[in-house]
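Notes to accompany the following structure.
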Amino acid sequence: MNRLVIVSNRVADLRSNSQSGGLAVGLADALRARGGIWFGWDGTTSDDLAAPTVDDIGPVRTIAAPLTETDYNEYYVGFANSVLWPLFHYRLDLVDYRTEFHDGYMRVNERLAETLLSELRADDVIWVHDYHLIPFAACLRALGCRQRIGFFLHIPFPPPDLLTATPNHVALVEALLEYDVVGLQTSSDAANLKRYLAEQLGREVGEDGRVDVGGRSVLVGRFPIGIDAAAFAEMARLPSSDVELDTLRQRILGRKQIIGVDRLDYSKGLPERLSAFERLLSRHPELERAVSLLQIAPPTREDVSAYPTIRKELEGMTGSINGRFADINWTPVRYIHRAVPRERLASLFRASQVGLVTPLRDGMNLVAKEYVAAQDPDDPGVLVLSQFAGAAEELEEALIVNPYDADDVADRLYEALTMPLDERSDRHAALHRRILHQDARAWLEGFLARLDEADAAEAVCRPIPRTERLLPRAAER
Ligand code: ADQ
């Protein structure tokens, strides 16, 4: 089997599996089985770009390179997180497009491709992840690489009308055509990309998702990502003493818990979620002191201006709801702005009667799947899930809501809190079957099988003349 090379924004710490999410563990397992490389940014900034950090762990080599401060600002904070992230999450109002951001994005992709080049073998299979690295294959191809290269987009792919609102959209999508397989989370994401290819680039996409690009075939397909459901369920079964104590207290007081777990991101619909919870309490006074919302939302990307804004908004709303409803021994909203160890998260999911997952837009949303996996099958909780999460395409036995409609979410929350055991069990059994079937392994093997099948155009990595290059080198622009 050919070696696997994974390229992603950050390189997982393969020496401490317990801290990583299921996805990183799944990818690491695939790397161990095939041998290969995990390459990406080391998370630091430095003016000395000379040598990336190389770590050999059995048959796997991790290579992590720093960014300069300018690269960090233009590539990571700028184009990736102030242009592509909001744009791909349908938030044109938050897009902050600047030419230097785009230049930084291209420059870093080119430099990272050059750094990886000397490590590549002619028959490697390369798998690039996510929106930070869309032009990565084009950069490798410009350096002469003809290996099989696949791309998986973890976030949504927007409709063509939205995408065309940003400059460079044609180059961005054309860069996708340098891959052999382009994977998306849902059929609507795949349909959006196919529609763009047809309408904007005049490319015909076959029923089988294949696009002919100058005699080369590019496969555009849906590969819904999953979790290691069995391992997560096992983790949830192990008691975590402080969670057990809290659960006991809630039980004695006859209280139910709704849980939300999200990075503190505007795409996750957190203010809308708090409004819906407030609506639930105002419509059902009998729920006062009988239900609380535990919202865990660790900080992310605080260098992007939209993030401190949402943090302030959330803190203000939490204070206002608690000020309005709280009692001496009841806090309606418990808000934790920190990361929580995965084992503890799993126990908290199991101890919560409702999982509230209401993003305004989400590629998939693994929290929804983790909540289902963590439940006690004999007394399962109910998942309330946004229609705009990619997971809604699969998890149709959840209570599906419109996160913008506080009344709808409040009604479904009430339904979840009062749902009889047999209905909860039926819904949970169906959801559980789905997440076990489409788990992390199925996703990974499904994608790699398609990539392994792709024709390597010419399994060599040779420098090609400058005139043939698809992208002008940074120094030439
Ligand atoms: P994210 O936007 O990060 O991922 P999600 O899919 O929910 O969203 O994954 C978050 C992960 O972080 C989950 O495993 C969750 O348990 C964990 N997590 C969240 N809050 C935590 C906390 N406080 N402490 C510890 N762990 C926490 C992107 C896309 C998604 C897509 C995934 C995978 O935005 O749509 O599902 O990639 O493709």
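Residue numbers for the sequence shown follow the numbering used here, so the first one is 739 and each next one is one higher.
Idealized CB from N, CA, C, for every residue including glycine.
As the structure is a computational prediction, the values presented were derived from the model and not from experiment.
query, result
"Tell me where the alpha helix (DSSP H) around ASN747 begins and ends.", "First-last for ASN747: 742-748, but that is the beta strand (DSSP E), not the alpha helix (DSSP H)."
"What number of angstroms, rounded off, separates the C-alpha of ASP1100 from the C-alpha of LEU858?", "33 Å"
"At what residues does the beta strand (DSSP E) containing SER754 begin and finish?", "No beta strand (DSSP E) holds SER754; DSSP gives it neither H nor E."
"Take the Cβ of LEU903 as the centre, count every other Cβ of all protein chains shown within 10 Å, and call the residue buried at 16 or more, exposed below.", "The amino acid occupying residue 903 in the given sequence is Ala; Leu does not appear at that position. It is exposed - the Cβ of ALA903 has fewer than 16 other Cβ atoms within 10 Å."
"Ligand 1 heavy atoms versus the CB of LEU910: any closer than 7 Å?", "no"
"Please find out if some non-hydrogen atom of ligand 1 comes closer than 7 Å to the beta-carbon of ILE963.", "yes"
"Can you tell me whether ASP809 is helix, strand or coil according to DSSP?", "helix"
"So, are the CB atoms of ILE887 and TYR917 less than 8 Å apart?", "yes"
"TYR814 to ARG1039, Cα distance in whole Å?", "10 Å"
"Can you find a heavy atom of ligand 1 that lies under 7 Å from the Cβ of ASN1103?", "yes"
"Threshold first: 4 residues or longer. Then list the alpha helix (DSSP H) segments lying entirely within the segment 1073-1149, N to C.", "1080-1088 and 1104-1112"
"Which of helix, strand or coil does DSSP assign to ILE963?", "coil"
"Starting from the Cα of PRO1070, find the closest Cα among ARG1027, LYS1050 and ARG1080 and give me that residue.", "ARG1027"
"Tell me the DSSP bridge mates of PHE777?", "VAL745 and ILE801"
"List the endpoints of the continuous beta strand (DSSP E) containing ARG886.", "886-890"
"May I ask you to report which of helix, strand or coil DSSP gives LEU957?", "strand"
"Are there 16 or more other CB atoms within 10 angstroms of the CB of PRO1097, so buried, or fewer, so exposed?", "buried"
"Measuring CB atoms only, is the segment 977-997 touching the segment 955-963, in the sense that at least three cross pairs come out at less than 8 Å?", "no"
"So is SER746 buried or exposed if we call it buried at 16+ other beta carbons inside 10 Å?", "buried"
"Taking 7 Å as the line, does the beta carbon of ALA1077 fall inside it for any heavy atom of ligand 1?", "yes"
"Should GLU1024 go down as buried or exposed, given a rule of 16 or more other Cβ atoms within 10 Å for buried?", "exposed"
"Figure out for me which residue from ASP1041, SER784, THR791 and ALA768 has the closest Cα to the Cα of GLY778.", "THR791"
"Roughly how many whole angstroms lie between the Cα atoms of ALA1089 and VAL981?", "8 Å"
"Just to check, is the beta-carbon of ILE1048 closer than 7 Å to a non-hydrogen atom of ligand 1?", "no"
"How many angstroms separate the CA atom of ILE990 from the CA atom of TYR1004?", "36 Å"
"Would you say the beta carbon of ASP834 comes nearer than 7 Å to a heavy atom of ligand 1?", "no"
"Determine the direct distance from the alpha carbon of PRO896 to that of VAL1031, and round the result to whole angstroms.", "At residue 1031 the sequence reads Leu, which differs from the Val that was named. Computed Cα separation, rounded: 32 Å."
"Could you tell me the boundaries of the alpha helix (DSSP H) in which GLN995 lies?", "First-last for GLN995: 994-999, but that is the beta strand (DSSP E), not the alpha helix (DSSP H)."
"Do the CB positions of LEU1189 and VAL863 come within less than 8 Å of each other?", "yes"
"Closer than 7 Å: is that where the CB of LEU1083 sits relative to any heavy atom of ligand 1?", "yes"
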